[in-house]
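What the sequence shown shows, in mature numbering (1 follows the signal peptide of the UniProt record, and there is no 0), is residues -21 to -1, 1 to 224, in sequence order.
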Amino acid sequence: MIVNVSIVLLSCASMVLLVTSLSTTSWVTANMVQTNEITSATLSHINYGLFEGYISRYVAINNPLTFSLTITCVMDLGVCAVSCMQNADDRKAEVRTLYNTGTYDESAMLRGCQGGSSLTPDAKQDNNTSNTSDRRFINAGIWVGSIVFLAVALFMSLVSAGFGVYNAAFNPIETYLAVPGLYIWNGIAACSNLLVLILWGAQFAKVLVENVTYTELCDLDTTVAMSHKKRSCFVSDVLWISTSG
């Protein structure tokens, strides 16, 4: 009985954590910091999860401009990107254009991103600042795999909790319904969670640790410090990440 109760409680706690993992916007967080020889200031803060996120641009100290971000995948290219465009077709077109050319339509971005009309009207675009090595995207296979394995883990935790209650009430003799079965369901859930950690650990080690690059309007006389990126200035509204190098 004690084992059954413990497994049910563990499974319920696991389900809460898994639902939180699927819905959170804190899988990746980063700040863009503008620095010079005297001071430093945060220009932007970005956070996103498996489906959506937010970017806050500090165009005014007391009035940050916040955009909603959406993970958008182009499966035939095998890549995903984070975009602030509000229309799904526009987001896919933006990702495809970025993948193929490294450029984007600034006027379309200003029209398509919620709050974009509040951006400075004299923003400059420099399409030559991005080359092939700078264009980084989320690997679509890792993104899909992470969602699938989290869903499997969530389902197995639900099954384990249900069978734990059933086992405590009826004491079945079938292996898959009895205590050994509960260990099997939880084992599958644990393995699925481990696979997600491996997938995103590889993504982080190969790309995210050095390439969390949200491009930003900035002053060319200052340095925009975001991870390891060189001294330069970019204009865009898409976060580029990739595992394909």
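Where is the CB? At the ideal position from N, CA and C, for every residue including glycine.
- Unbroken beta strand (DSSP E) runs of no fewer than 3 residues, entirely contained in the stretch 15 to 58, are found at 19 to 27, 31 to 36 and 44 to 53, following chain order.
- Per the C-alpha coordinates, the member of Asn150, Pro43 and Leu48 positioned closest to Gly28 is Leu48.
- For Pro151, no alpha helix (DSSP H) encloses it, and the DSSP letter there is neither H nor E.
- Membership of Lys71 in the alpha helix (DSSP H) is indicated by the continuous run Ala67 to Thr80.
- Ala181 and Met54 have their C-alpha atoms roughly 20 Å apart.
- Taking C-alpha positions only, Val138 is separated from Phe128 by approximately 15 Å.
- Looking at the backbone, the Cα of Leu156 and that of Arg115 are separated by about 47 Å.
- In this structure Thr51 is buried. Its beta-carbon is surrounded by 16 or more other beta-carbon atoms within 10 angstroms.
- Ranked by Cα distance from Ser23, the options Asn15, Ala9 and Thr14 are led by Ala9.
- Less than 8 Å separates the beta-carbon of Ala140 from that of Val(-14).
- By the C-beta density criterion, Gly166 is exposed, having fewer than 16 other C-beta atoms within 10 angstroms.
- Thr8 sits in a strand when the DSSP states are folded into three classes.
- In terms of Cβ geometry, Ala168 and Ser(-8) form a close pair [threshold 8 Å].
- The C-beta distance from Cys59 to Trp122 rounds to 5 Å, short enough to fall under 8 Å.
- Taking all protein chains shown into account, Ala184 has fewer than 16 neighbouring C-beta atoms within 10 Å of its C-beta and is therefore exposed.
- When rounded, the separation of the alpha-carbon atoms in Asn150 and Ser(-16) is 16 Å.
- Restricting attention to alpha helix (DSSP H) runs no shorter than 4 residues, the stretch 112 to 144 encloses none.
- Counting the other CB atoms within 10 Å of its CB gives Cys63 a total of 16 or more, which places it among the buried residues.
- For Ala20, the CB contacts under 6 Å within the same chain, skipping 5 residues up- and downstream, are Gln13 in chain order.
- Take Ser125, set aside five residues on each side of it, and the residues of its chain with a beta-carbon closer than 7 Å to its own are Leu29, Val175, Leu178 and Trp179, in chain order.
- Partner residues in a beta bridge of Met(-7), as assigned by DSSP, do not exist.
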